[in-house]
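Be aware that the sequence shown starts at 395, since it is given in the working numbering, and climbs by one per residue. Just so you know, even glycine gets a beta-carbon here, dropped at the ideal spot from N, CA and C.
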Amino acid sequence: MQKNPIVFWELASHDAEKSVKFFRDVFEWDLRMDERLGFYVVEVGKEAPEVDGGIFTLKRAKLPFLTLYILVNDIEAMADKVVDHGGFLVEGVQKLPTGSKICLFNEPSGVTFAMIENRK
C-alpha cells in the first residue's frame with residue numbers, strides 16, 4: 395500500500411441533491427444522507443479498491459470544489475511539515491464528530507488538499 399494514500403474525496407456543490415441525483419443516475423453510485431455529518435456519503439467498503447466520498451451543498455465557499463483527503467498517522471506533525479515545505483494551512487487541525495481529525499492545506503502552487511487522521 396502507498397504511504398499516506400488518498401482515502402476520501404468530497405464534492406462541494408451549489409446543489410447537493412442535484413449532484414447526488416447526477417452521480418446516482420449516471421454512475422449508479424449508492425449515496426446516502428449521513429445526518430451526523432450533514433452530507434451525502436458513498437462508502438465502498440474496506441476491501442474495495444475505490445475510495446469513499448461525500449457530496450454536500452456549499453455554505454461558505456462561493457465556487458464548487460473537489461477535495462482529496464490524504465490519510466496520515468500524525469496530523470499535527472504533518473501540518474507542520476506542510477508549512478515547512480512551502481505549503482499553507484487553509485484550516486488548522488479540527489476534530490470531527492466521528493473522532494477523526496482533518497486539516498485543509500494548499501500545496502505551494504495553491505491547490506487545496508486535505509489530510510485526515512483516523513480516530514485512534
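Compute the Euclidean distance between the alpha carbons of residue i and residue j, then round it to the nearest angstrom.
i: Val505; j: Phe482; result: 10 Å
i: Asn500; j: Ser407; result: 20 Å
i: Asn512; j: Trp403; result: 15 Å
i: Glu411; j: Glu429; result: 14 Å
i: Arg426; j: Ile496; result: 22 Å
i: Gly447; j: Lys489; result: 18 Å
i: Leu452; j: Ser413; result: 12 Å
i: Asp474; j: Asn398; result: 16 Å
i: Val476; j: Leu462; result: 15 Å
i: Lys415; j: Phe421; result: 10 Å
i: Asp478; j: Asp419; result: 44 Å
What span of residues does the beta strand (DSSP E) with residue i cover, start to end?
i: Arg426; result: Arg426 to Asp428
i: Asp478; result: From DSSP, Asp478 is part of no beta strand (DSSP E) but of the alpha helix (DSSP H) over Ile469 to Asp478.
i: Glu404; result: Ile400 to Ser407
i: Gly447; result: Asp446 to Thr451
i: Thr506; result: Thr506 to Glu511
i: Leu462; result: Phe459 to Leu465
Taking residue i as the reference, which of the options has the closest Cα?
i: Val401; options: Ser494, Asn500 and Arg426; result: Ser494
i: Trp423; options: Val438, Met509, Gln396 and Asn467; result: Val438
i: Asp468; options: Phe421, Lys415, Phe450 and Val487; result: Val487
i: Val445; options: Glu470, Asp478 and Ile464; result: Ile464
i: Lys456; options: Glu470, Phe433 and Asp409; result: Asp409
Is any beta-carbon of chain B found at less than 8 Å from that of residue i?
i: Asp474; result: In the structure shown, chain B cannot be found, because there is only a single protein chain.
Please return the same chain residues whose Cβ sits closer than 7 Å to the Cβ of residue i, not counting the five positions on each side in sequence.
i: Pro502; result: Gly480 and Gly481
i: Glu485; result: Cys497 and Leu498
i: Met472; result: Val466 and Met509
Grab the span of the alpha helix (DSSP H) containing residue i for me, first residue to last.
i: Glu411; result: Ala410 to Phe421
At a cut-off of 7 Å, would you count residue i as near the ligand FMN, judging by its Cβ distance to the nearest heavy atom?
i: Phe499; result: Among the components of this structure there are no ligands whatsoever, and the ligand FMN is therefore not found.
Residues in its own chain within less than 6 Å of residue i by CB, not counting five upstream and five downstream?
i: Val435; result: Asp428 and Gly448
i: Phe417; result: Trp423
Assuming residue i and residue j form a contact by the criterion Cβ under 8 Å, report the distance between their Cβ atoms to the nearest whole angstrom.
i: Leu405; j: Pro491; result: Going by Cβ atoms, the distance from Leu405 to Pro491 rounds to 20 Å, so no, they are not a contact pair.
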